[in-house]
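Going by the working numbering, the first residue of the sequence shown is number 549, and it counts up by one from there.
Each remark here refers to the structure printed beneath this line.
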Amino acid sequence: MSRHRRPLDAAELADAAITAALLATLLALELVLASSGFFPVLMATVVALLAARRRTRVVVMATAGAAALSVLLGGILPIAEVVLSGLLGWSVGTSLWRGRSRLATAGTALAVTWPVLAGASLAVLAVFGELRDLALDAARNQWDGMARFLRWAGLDTVAEDGTKIVDWSIYHWYVLFPAAEAVLTVLLALIVRSLARVVLVRVEQAIGPATAAATAEPAAGTTAGPVPIRLGDVTVARGQTLVRLGALDTTVARGELVCLVGTNGSGKTSLLRALAGLHPATGISSAGRVGLGEHGGTALISQRAETQVLGIRVIDDLRWGVPGLDDTDALAELARVGLDQLIERPTTDLSGGELQRLAIASALVRRPALLLSDEATAMLDPEGRRRVMAALTAASRTDAAVLHSTHVPADLEATDRVIEVGQAHTRPPPRRWGSAQPAGDTILRAEGVAHVHGARTPWATPALA
């Protein structure tokens, strides 16, 4: 098994950034809580998970990012802790990825982490003599107390032999510290391995293995070809659960906007994630590879667009993972979804509908043949839903196949077809949903309604009054 040498993709960059932020957060908590035992193990476990799922370059970037952030927390000692956690975590994570035994994992940690730890500590103790003397005096005082107890218990020989060993160790401190650190490195490696193995199984059950998707390159001469899609008797493997969606018996082709409807838990999200190649499934066939995130492949938009927006500004997010995108092309892409006037706007200032349209633009910039929308209109107001549906419709008219899952009846007015996932059949969309109400009739009267977002917090904001 090998990891191909290629530039970091958007998913790897995101994993590196998230891991760096998490390491910096754990380091800050360690400093605040004055706890130096638990947090280094937890930090190394986080890095081990990353190393087991991603390439070494991702781990290096995450560790370097966390080290840069740790400068704000106190200088050289936090940086050293991050680096050592990164080395130990990489040793354990790489060993897990390669299927090494406990003994081999401990050996890898000794070969990678211990020389750095021992060399750094010896250098510090050699340069800062007063610090070394303080540490050694503390060790001698602790043993003196233990020796007095042993003599009181009648174990004079043990106390004398122990005193000789301690005296020798303190005199030969340059042997004592590396030896103790070697034992500590082995113990920490085994602890981190035990923790990371358990968490890694849970992570891969929940979201699938990352290494295969992140390191595999397309076979020579192959291109993404996710459409047309033939849906038969579909069953999706979601972790340890098999979700049977039934005999859908339909084909989705380019230029179509197809809505997926069904009750909560009927399998709409499972179907979309299977079409994106994130869950194994049977009963689905397509012309070629899924090509998730590739040019001409598949793009997936989630219900919460803020989880997919990574750039500080609108233009930054559009360029994420698309090197070489110039301002003219970026402006044209944003104009397709009505965001061309917001190209320099911070993404934190965008509304929910604007975030969804930005997610659509970021997907369309790769010219996907298949665009999957997982309830992208669920949390929007009517105007936001209308704009997002207009963007999805425009995408389908540019020769892409668009599948949009929804619980919103108004979304179906723009669709070409509707697939009822839970009922195993398809039907054409209705011309209108609901019957028109006579003008002047009172449908709903609201009096004295009030609501405050974030009530009883410093961020309380009246929404209705």
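Quick reminder that beta carbons are idealized off the backbone N, C-alpha and C, glycines included.
This structure is a prediction, so every number in the text was calculated from the model and none was measured.
Which of the three DSSP states is assigned to residue i in this structure?
i, result
"Leu625", "helix"
"Ala686", "helix"
"Glu804", "coil"
"Val870", "coil"
"Thr593", "helix"
"Arg792", "strand"
"Leu887", "coil"
"Ala761", "In this prediction, Ala761 scores a pLDDT of 45, lower than 50, which makes its location untrustworthy; the coordinate-derived value is nonetheless stated afterwards. If DSSP states are grouped into helix, strand and coil, Ala761 belongs with the helices."
"Gly710", "helix"
"Ile832", "strand"
"Val1000", "strand"
"Ile991", "coil"
"Thr799", "strand"
"Arg837", "strand"
"Val631", "helix"
"Ala772", "strand"
"Val809", "strand"
"Thr925", "coil"
"Pro766", "Interpretation of Pro766 is limited by its pLDDT of 47, a score under 50 that renders its predicted location unreliable; no figure is taken from the coordinates."
"Arg861", "strand"
Can you check which of these residues, the options, is closest to residue i by C-alpha distance?
i, options, result
"Arg965", "Ser717, Val806, Leu598", "Val806"
"Leu534", "Ala568, Gly677, His843, Gln753", "Nothing can be reported for residue 534, as the shown portion of the chain is limited to 549 through 1013."
"Val606", "Thr642, Phe586, Val580, Leu819", "Thr642"
"Pro726", "Pro663, Val784, Gly780", "Pro663"
"Gly803", "Arg945, Thr567, Leu790, Met591", "Arg945"
"Leu665", "Ser953, Gly634, Met609", "Gly634"
"Ala615", "His843, Ala568, Arg648, Val589", "Ala568"
"Arg648", "Asp864, Arg745, Leu928, Arg699", "Arg745"
"Arg786", "Leu779, Gly810, Gly815", "Gly815"
"Glu854", "Arg554, Asp865, Val731", "Asp865"
"Ala878", "Leu858, Gln851, Leu906, Gln856", "Leu906"
"Asn812", "Glu968, Leu684, Ala728", "Glu968"
"Leu570", "Val580, Arg602, Thr611", "Thr611"
"Val775", "Asp947, Pro957, Ala582", "Asp947"
"Glu892", "Arg867, Val675, Gln904, Arg915", "Arg867"
"Val784", "Ala822, Ile777, Val751", "Ala822"
"Leu658", "Ala728, Gly996, Ala564, Leu779", "Ala728"
"His843", "Arg915, Ile832, Ile777", "Arg915"
"Val885", "Thr705, Leu561, Thr896, Gly932", "Gly932"
Where does the unbroken beta strand (DSSP E) through residue i begin, and where does it stop?
i, result
"Val966", "965-968"
"Ala883", "Looking at the DSSP string, Ala883 is not in any beta strand (DSSP E); the run it does join, the alpha helix (DSSP H), is 875-884."
"Val913", "Here Val913 belongs to no beta strand (DSSP E), and DSSP marks it neither H nor E."
"Ala785", "777-786"
"Val950", "949-953"
"Thr846", "846-849"
Ignore the nearest five residues each way along the sequence and tell me which others in residue i's own chain have a CB closer than 8 Å to its CB.
i, result
"Leu890", "Val862, Leu882, Leu898, Glu902"
"Thr653", "Ser639, Val640, Ser643, Leu644, Ala737, Leu738, Arg741"
"Ile718", "Leu684, Ala687, Arg688, Leu724"
Whose C-beta lies closer than 7 Å to the C-beta of residue i among residues of the same chain, with five residues either side of it excluded?
i, result
"Ser618", "Ala572, Leu575, Pro626, Ile627, Val630"
"Met937", "Thr925, Asp959, Ala962"
"Leu748", "Leu597, Ala600, Leu644"
"Ala695", "Ala707, Gly710, Thr711"
"Thr661", "Leu632, Leu635, Leu636, Ser639, Thr733"
"Leu577", "Phe587"
"Gln851", "Asp922, Glu923, Ala924, Ala926, Met927"
"Arg935", "Gly886, Gly901, Arg905"
Assuming residue i is part of the alpha helix (DSSP H), what are its boundary residues?
i, result
"Leu918", "Element bounds for Leu918: not the alpha helix (DSSP H) but the beta strand (DSSP E), 918-922."
"Val607", "604-618"
"Leu933", "Position check: residue 933 holds Arg in this sequence, whereas Leu was assumed. Per DSSP, Arg933 belongs to the alpha helix (DSSP H) from 930-944."
"Thr653", "650-675"
"Asp959", "Premise fails: Asp959 is in no alpha helix (DSSP H) and is neither H nor E."
"Ser818", "816-823"
With a threshold of 6 Å on Cβ separation, who are the neighbours of residue i within its own chain once the five nearest residues in sequence on each side are excluded?
i, result
"Ser669", "Phe725"
"Asp874", "none"
"Pro766", "Bear in mind that the predicted position of Pro766 carries a pLDDT of just 47, short of 50, making it too unreliable to give a figure here."
"Arg792", "Thr783"
With a threshold of 7 Å, establish whether the CB of residue i neighbours any heavy atom of the ligand GTP.
i, result
"Arg786", "Judged by which ligands are present, the structure shown has none, so any question about the ligand GTP falls away."
Pop quiz: residue i and residue j are said to be a contact at Cβ under 8 Å. What is the actual Cβ separation, rounded to whole angstroms?
i, j, result
"Ala943", "Leu912", "6 Å"
"Ala801", "Asp781", "At roughly 20 Å, the Cβ-Cβ gap does not stay under 8 Å, so Ala801 and Asp781 are not in contact."
"Trp638", "Thr593", "Actually they are not in contact, since the Cβ atoms of Trp638 and Thr593 sit about 12 Å apart, beyond 8 Å."
"Ile860", "Pro894", "6 Å"
"Ala917", "Gly845", "7 Å"
"Leu808", "Ser910", "22 Å between Cβ atoms; not a contact."
"Ile991", "Leu940", "With 8 Å as the limit, Ile991 and Leu940 do not qualify as a contact, their Cβ atoms being about 29 Å apart."
"Gly900", "Leu928", "5 Å"
"Leu673", "Trp716", "Not quite, the Cβ-Cβ distance comes to about 17 Å (not below 8 Å), so this is no contact."
"Ser818", "Gly773", "Not really, about 22 Å apart at Cβ, beyond 8 Å."
"Gly970", "Gly810", "4 Å"
Hey, is residue i's beta-carbon within less than 8 Å of any beta-carbon in chain C?
i, result
"Gly825", "Given the protein chain composition of this structure (a single chain), no chain C is represented."
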